[in-house]
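K.L.:
Following this message is one structure expressed as structure tokens.
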Amino acid sequence: MKMPAQATPRLLFYAKEVWILTRDTLSSWSEDRASTLGAALAFYTIFSLAPILIIIVAVVGFFLGQLSVQSYIMGELAKSLGQENAEYVMQTIRSSYQAGSGLKATLVAVLLMLVGATTVCVMLKDALNTIWKAAPRSAGIWYMLLDRIRSLLIVVFGGVFLFLSMVIGSLVSMTGLYLTNYIHIPFYLLGWLNYIFSFLLLVLLFALLFKVMPDVEISWGDVWIGGAITALLFTLGRFLLGLYMARSTVSSAYGAAGSLVVILLWVYYCAQIIFLGVEFTRVWAKRYGSDIASKPRKVQQKAV
Numbered sequence: 016m017k018m019p020a021q022a023t024p025r026l027l028f029y030a031k032e033v034w035i036l037t038r039d040t041l042s043s044w045s046e047d048r049a050s051t052l053g054a055a056l057a058f059y060t061i062f063s064l065a066p067i068l069i070i071i072v073a074v075v076g077f078f079l080g081q082l083s084v085q086s087y088i089m090g091e092l093a094k095s096l097g098q099e100n101a102e103y104v105m106q107t108i109r110s111s112y113q114a115g116s117g118l119k120a121t122l123v124a125v126l127l128m129l130v131g132a133t134t135v136c137v138m139l140k141d142a143l144n145t146i147w148k149a150a151p152r153s154a155g156i157w158y159m160l161l162d163r164i165r166s167l168l169i170v171v172f173g174g175v176f177l178f179l180s181m182v183i184g185s186l187v188s189m190t191g192l193y194l195t196n197y198i199h200i201p202f203y204l205l206g207w208l209n210y211i212f213s214f215l216l217l218v219l220l221f222a223l224l225f226k227v228m229p230d231v232e233i234s235w236g237d238v239w240i241g242g243a244i245t246a247l248l249f250t251l252g253r254f255l256l257g258l259y260m261a262r263s264t265v266s267s268a269y270g271a272a273g274s275l276v277v278i279l280l281w282v283y284y285c286a287q288i289i290f291l292g293v294e295f296t297r298v299w300a301k302r303y304g305s306d307i308a309s310k311p312r313k314v315q316q317k318a319v
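Here the working numbering = 1-based position in the sequence shown + 15.
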């Protein structure tokens with residue numbers, strides 16, 4: 016069956032646009048030195064991972080119970096890092112719970128935990144600002160404090176995201192069980208339904224991240240497109256990373272530090288996937304969308 020004559024130029028046009036988007040995205044990724052930004056982010060994540068997970072477990076565990084939340088996180092980490100490396104992360108969290116005794120030690124531990132949890136968010140924001148070519152903001156104490164508060168809210172939102180994932184996953188499982196038993200819908204459709212909900216949550220997460228975190232104004236239409244592409248890249252990349260980590264000898268090659276190296280590699284590769292999504296969003300916005308305008312820097316005028 017021959018393709019209509021009018022369809023051929025249209026297909027060529029779309030193929031050309033896809034090529035231009037891909038080329039410009041990879042070119043911008045290289046020019047912005049995203050590999051270096053990812054290495055810095057992976058380094059800071061090592062020190063922030065345990066505090067972030069502790070806050071998330073505390074927030075979500077208040078509603079669903081800490082043991083169930085820890086089990087869920089353990090399962091998700093095991094899919095990407097492997098059982099042994101996931102257990103290493105969870106053991107770090109348990110050790111942090113037992114680290115302090117007494118009021119002063121507890122206060123110091125809480126302060127260090129908050130600083131550690133927000134540091135990686137600040138670094139991620141700096142990386143996004145570098146990619147978006149955002150105008151520099153004031154470096155005063157007040158803006159630094161606002162950045163930390165905003166970063167803490169992002170960590171808490173991560174807990175809300177995990178809460179939604181667990182609740183929706185449970186609802187999908189119960190609904191699927193009912194449909195399978197009483198309406199005789201094929202069981203494999205339940206898995207696809209779960210994947211769809213998880214994917215939509217990822218799209219929401221990345222869209223909000225791209226909209227709120229960098230110091231640029233960008234339309235919702237652009238961040239939804241970017242969030243969808245990033246979620247697709249992240250889902251595929253996480254699957255491939257899981258296969259690689261399950262068969263990799265990196266952990267055994269580095270001995271006692273093997274789990275630490277695996278986590279560094281995993282965060283680094285995930286950061287590259289996210290940065291590719293950000294670069295795509297920027298290229299899309301400049302070519303088809305609203306373009307990007309840096310938020311004006313706030314300047315305090317002295318009274319004369």
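Here a beta-carbon is modelled for each residue, glycine too, at the ideal position from N, C-alpha and C.
Would you call the segment 47-61 and the segment 157-166 in contact, with 3 or more CB pairs under 8 Å?
P.N.:
Contact fails: fewer than three Cβ-Cβ distances are below 8 Å.
K.L.:
To the nearest whole angstrom, what separates the beta carbons of V231 and W147, a pair I think is in contact under 8 Å?
P.N.:
About 5 Å; that satisfies the 8 Å criterion.
K.L.:
Among V182, S63 and N196, which one has its Cα closest to the Cα of L167?
P.N.:
Among V182, S63 and N196, the Cα nearest to that of L167 belongs to S63.
K.L.:
Can you say whether M128 is buried or exposed, counting buried as having 16 or more other CB atoms within 10 angstroms of its CB?
P.N.:
M128 is buried by the Cβ-count criterion.
K.L.:
Note down, in chain order, each residue of its chain lying with its Cβ closer than 7 Å to the Cβ of R279, except the 5 sequence neighbours on either side.
P.N.:
One point to set straight first is that residue 279 is Leu, not Arg, in the sequence displayed. If we look at L279 and ignore the five residues flanking it on each side, its Cβ neighbours are A57 and I61.
K.L.:
Is the Cβ-Cβ distance between L179 and L216 less than 8 Å?
P.N.:
Against a cut-off of 8 Å, the Cβ pair of L216 and L179 comes out as a contact.
K.L.:
As an exercise, report each continuous beta strand (DSSP E) stretch of at least 3 residues that is fully enclosed by the segment 140-168, in chain order.
P.N.:
None, since the segment 140-168 contains no complete beta strand (DSSP E) of that length.
K.L.:
Cα separation between A318 and L161?
P.N.:
Annotation note: pLDDT 36 at A318 (below 50); position unreliable, coordinate value reported separately. If you take the alpha carbons of A318 and L161, they lie about 25 Å apart.
K.L.:
May I ask you to verify whether the segment 29-38 touches the segment 85-105, counting CB pairs closer than 8 Å and requiring at least 3?
P.N.:
Counting Cβ pairs under 8 Å, fewer than three are found: no touch.
K.L.:
Which term fits K140, buried or exposed, when burial requires 16 or more other beta carbons within 10 angstroms of its beta carbon?
P.N.:
K140 comes out buried.
K.L.:
Thinking C-beta only, is N100 closer than 8 Å to S274?
P.N.:
Cβ distance < 8 Å, so S274 and N100 count as in contact.
K.L.:
Nearest-angstrom Cα distance between L258 and G90?
P.N.:
Computed Cα separation, rounded: 15 Å.
K.L.:
Between I67 and A150, is the Cβ-Cβ spacing less than 8 Å?
P.N.:
No, Cβ-Cβ distance for I67 and A150 is not below 8 Å.
K.L.:
Measure the alpha-carbon distance for Y284 versus L256 and round it to whole angstroms.
P.N.:
Going by the C-alpha atoms only, they are around 8 Å apart.
K.L.:
What does a CB cutoff of less than 7 Å around I244 pick up in its chain, not counting 5 residues either side in sequence?
P.N.:
The residues are G292 and F295.
K.L.:
Tell me which residues share the same chain as W239 and place their Cβ nearer than 6 Å to its Cβ, disregarding the 5 neighbours each side in the sequence.
P.N.:
Contacts found: A222.
K.L.:
CB-CB under 7 Å to L143, same chain, minus the five flanking residues each way: which ones, in chain order?
P.N.:
Correct list, in chain order: M228, P229 and V293.
K.L.:
What residue range does the alpha helix (DSSP H) around R297 cover?
P.N.:
Start and end: G273 to R302.
K.L.:
Quick one: is E297 buried, meaning 16 or more other Cβ sit within 10 Å of its Cβ, or exposed?
P.N.:
It is worth fixing the name first, because residue 297 is Arg in this sequence and not Glu. It counts as buried.
K.L.:
In whole angstroms, give me the CA-to-CA distance for G76 and G184.
P.N.:
Answer to the nearest angstrom: the Cα atoms are 16 Å apart.
K.L.:
Considering only their Cβ atoms, is the gap separating Y59 from V135 smaller than 8 Å?
P.N.:
Cβ distance < 8 Å, so V135 and Y59 count as in contact.
K.L.:
From the DSSP secondary-structure annotation, give me the bridge partner or partners of V182.
P.N.:
None; V182 has no bridge partner.
K.L.:
On the criterion of 16 or more Cβ atoms from any shown chain inside 10 Å, does L26 qualify as buried, or is it exposed?
P.N.:
Result: exposed.
K.L.:
Quick one: grab the DSSP three-state call for G80.
P.N.:
Three-state result, G80: coil.
K.L.:
In three-state DSSP terms, what is Y259?
P.N.:
In this structure, Y259 counts as helix in the three-state DSSP scheme.
K.L.:
Check whether the Cβ atoms of G174 and I71 lie closer than 8 Å to each other.
P.N.:
Yes, the pair counts as a contact, with Cβ atoms nearer than the cut-off.
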